[in-house]
């Protein structure tokens, strides 16, 4: 039976912690340990964490005296993992039934796989109870670095959602931990780094429930800065591996254009919403990522649109559209 250490970082998610930990302890066909990392929470986290540890010897509760931030918390726990596999599961998320069995069975069968992930379902108050979880096994696809990187470059991010990712511990030890300089895109960078050293397995199953709520950490970051953070993750990876992974040469321009186009459309939406500062931020990011975007058709049409202004566009565009002209910025 494979063993899995599940790190549960928690900061003021005390009311969600028990459901998260329970979703791990209830996993079958795996030997699990839960490491609850309380980063100096000021709510009920300490009481809940200590009770969980007292109730089940598989729960290890640890608390910081002062808040150290999520990256330092992740790395502290990763340095202590001892199981065959490990994963980080935020205290506001939950695993689905059979998630760890499905992942470890696939990875046990393919020692070349260092990272596995599946689909997730978002929820707000309670995860759906009538979901068919797919049993203890599921179909899966294994890809190498080139295919994984190309797909990520065309998306502008990886296709992995954090609560579904499980890693072979030997790979984590080989590549090291999360980078403090990438607090908002550390997942992207570390998954690219893992893919550079091992194959990646995409499980065709729902592996986790991901909670959406008003205090999600990502919501404190503006959309433009989220895109910029993703580019920093790719740039960091490329700078580290460019000399040893030939695949990067042909795919770096793909990523730059993807980021630029994504930023451009963000700017177009911000313009339509009347947010001129966000529009400027998006467009500056687009040009910095791919300077050639200024000769791109949508960019030229949008430049005309900005010149005449939002008010004029509101009555000109319907007339132009009915006459067969493609004046809209998204045309």
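Numbering (the working numbering), first residue to last: 1 to 331.
Cβ atoms here follow ideal geometry from the backbone N, Cα and C, with glycine treated the same way.
- Contact holds between the segment 143 to 161 and the segment 200 to 213, because three or more Cβ pairs, one in each stretch, are under 8 Å apart.
- Assignment of residue 122 by DSSP, reduced to helix, strand and coil, places it in the strand class.
- With contacts defined by Cβ atoms closer than 8 Å, residue 145 and residue 79 do not form a contacting pair.
- The beta-bridge partner set that DSSP reports for residue 165 is empty.
- For residue 1, the secondary structure class from DSSP, reduced to helix, strand or coil, is coil.
- For the set 107, 93, 100 and 149, the Cα lying nearest the Cα of residue 127 is the one of 93.
- The Cβ atoms of residue 224 and residue 281 sit closer than 8 Å to each other.
- DSSP lists 10 and 63 as the beta-bridge partner residues of residue 38.
- For the 8 Å CB-CB criterion, residue 104 and residue 4 form a contact.
- DSSP, reduced to helix, strand and coil, places residue 297 within a helical segment of the structure shown.
- Secondary structure at residue 79: coil, using DSSP grouped into helix, strand and coil.
- Rounded to whole angstroms, the separation of the alpha carbons of residue 39 and residue 64 is 5 Å.
- The C-alpha of residue 265 lies about 47 Å from the C-alpha of residue 52.
- Taking C-beta atoms under 8 Å as the contact rule, residue 121 and residue 24 fail to qualify, at a distance of about 17 Å.
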